[in-house]
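Engineer:
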Amino acid sequence: MLHLAPPAPFARPVTLGLGRAWRGLWASVLRRERATPQTPAQPYGPAHGYGYGAAYGAEARGDAPQPTVTELYHAHRLRMVRLAVLLVDDLATAEDVVQDAFTALYRRHGEHISEVDNALGYLRTAVVNTSRSVLRRRRTARAYTPPAAADIPSAEDHVVLDEAHREVLAALGRLTPRRRQVLVLRYWAELSEAEIATTLGISRGAVKSNASRALDALERILEGRI
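Here the sequence shown stands for residues 834 to 1059, where the numbers follow my numbering.
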């Protein structure tokens, strides 16, 4: 049986990987960047070392053995939780979403996942789909109230969300689920249009249109116009 215990708590708050993603999002909002058919947008590859793209470093090329589920968990759990938080708004639910994704991978393929071409891509899609189910259940219940922020955030809270990013997170929460997913995958997970299309099961054209409309809406929200 797989036991996926969370890594030891961090000694001090860190925000690894968030700064660049939010700067990219802010730049697009402020400059109103738009891709045109004559000037297609450049693909946005994953941050170095995270392996979120179509390939997973040496393992994807066959130069080294695939990592085990436990190794993936300890190396990438926090990044997956951050992704889930941006989709479901609260840390406890995000942790459950990620735990479910890793557990499903283990139950289907076991500890050694050599037959899975892109395990991180599999996990990322599972996190997005499970987050979507969470949001759907909330809408059905119609009584969901996001948990109040703790007066004294834990070290884990700081790791996942820095205070400076909460305004943008609140604005993201006012977007439609699809537009929110596209922006999170584009600017935080740093996926290309093709990868976002595959993850969400939509066309690249739908990715482009949702990203454009989401940026328009986000700009209006942050400016207080809606």
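No residue lacks a Cβ here, since even glycine has one placed at the ideal position from N, Cα and C.
It should be emphasised that the depicted structure is a prediction, and the values quoted were computed from it without experimental measurement.
1. Tell me which same chain residues have a C-beta within less than 7 Å of the C-beta of Ile1029, skipping the five on either side of it?
2. Look up Thr901 in the DSSP assignment and say whether it is helix, strand or coil.
3. Quick one, which of Thr958, Leu968, Glu1000, Val930 has its alpha-carbon nearest Thr1009's?
4. Who are the Cβ neighbours of Leu1055 in its own chain at under 6 Å, not counting the five residues just before and after it?
5. Give me the Cα-Cα distance between His907 and Thr901, rounded to the nearest whole angstrom.
6. Taking its Cβ as the centre, do 16 or more other Cβ atoms sit within 10 Å of Ala925, making it buried, or is it exposed?
7. Could you pull the start and end residues of the alpha helix (DSSP H) that Tyr939 belongs to?
8. Going by DSSP, what residues sit across from His945 in a beta bridge?
9. Going by alpha carbons, who is nearest to Thr903 out of Val930, Asp922, Leu920, Ile946?
10. Mind checking which residues open and close the alpha helix (DSSP H) that includes Val1015?
11. Nearest to Glu1000 by alpha carbon, out of Asp933, Gln899, Leu919?
12. Quick one: what's got a C-beta closer than 7 Å to Ala937's C-beta in the same chain, skipping five residues either side?
13. Go through its chain and collect everything with a Cβ distance to Arg804's Cβ below 7 Å, but skip five positions before and after it.
14. Taking Val961 as the reference, give the member of Gly1057, Arg970, Val921, Arg972 with the closest Cα.
15. Less than 7 Å between C-beta atoms, sequence neighbours within five positions excluded: which residues of the same chain meet that for Leu1037?
16. Using a 10 Å radius around the Cβ and a threshold of 16 neighbouring Cβ atoms, would you call Ser964 buried or exposed?
17. Can you tell me the Cα-Cα spacing of Ala1047 and Leu1002, whole angstroms?
18. If you follow the alpha helix (DSSP H) that Gly1038 is part of, which residue opens it and which one closes it?
19. With DSSP collapsed to three states, give me the class of Ser1025.
Structural biologist: With the given structure in hand:
1. Locating residue 1029 in the sequence shown gives position 196, counting from the first residue. Shown here for Ile1029: same chain residues with a beta carbon closer than 7 Å to its own, the five before and five after excluded, namely Val1015, Leu1018, Arg1019, Val1040 in chain order.
2. Residue numbering aside, residue 901 sits at position 68 when the sequence shown is read from its first letter. Thr901 falls in the strand class under three-state DSSP.
3. Here residue 1009 refers to the residue found at position 176 when the sequence shown is read from its first residue. Taking only the C-alpha atoms, the option nearest Thr1009 is Leu968.
4. Counted from its first residue, the sequence shown places residue 1055 at position 222. So the list reads Ala1004, once near-sequence residues are dropped.
5. To locate residue 907, count along the sequence shown from 1; it is residue 74. To locate residue 901, count along the sequence shown from 1; it is residue 68. Cα to Cα, the separation comes out at about 10 Å.
6. On the sequence shown, residue 925 is found 92 positions in, with the first residue counted as 1. Its Cβ having fewer than 16 others within 10 Å, Ala925 is exposed.
7. Within the sequence shown, residue 939 is the residue found at index 106, counting from 1. From DSSP, the alpha helix (DSSP H) with Tyr939 extends over 924-942.
8. Residue 945 sits at position 112 when you count from the first residue of the sequence shown. Its beta-bridge partners are Thr901.
9. Counting from one through the sequence shown, the residue named residue 903 turns up at place 70. When only C-alpha atoms are compared, the closest one is Ile946.
10. To locate residue 1015, count along the sequence shown from 1; it is residue 182. Element bounds for Val1015: 1010-1016.
11. On the sequence shown, position 167 is the one that residue 1000 refers to. Cα-wise, what sits closest to Glu1000 is Leu919.
12. Residue mapping note: residue 937 aligns to position 104 of the sequence shown, counting from 1. The residues are Ala959.
13. With the chain running from 834 to 1059 in the structure shown, residue 804 is simply not present.
14. Residue 961 sits at position 128 when you count from the first residue of the sequence shown. The shortest Cα separation from Val961 among Gly1057, Arg970, Val921, Arg972 belongs to Val921.
15. By 1-based counting over the sequence shown, the position of residue 1037 is 204. What sits at residue 1037 in the sequence shown is Arg, not Leu. For Arg1037, where only same-chain residues beyond five positions count, the Cβ hits under 7 Å are Glu1026, Ala1027, Ala1030.
16. On the sequence shown, position 131 is the one that residue 964 refers to. Looking at its Cβ environment, which holds 16 or more other Cβ atoms inside 10 Å, Ser964 is buried.
17. Here residue 1047 refers to the residue found at position 214 of the sequence shown. Here residue 1002 refers to the residue found at position 169 of the sequence shown. Answer to the nearest angstrom: the Cα atoms are 13 Å apart.
18. Looking up residue 1038 in the sequence shown gives position 205. Where Gly1038 is concerned, the enclosing alpha helix (DSSP H) stretches over 1037-1055.
19. Residue 1025 sits at position 192 when you count from the first residue of the sequence shown. In the structure shown, Ser1025 sits in coil (DSSP, three-state: anything other than H, G, I, E or B).
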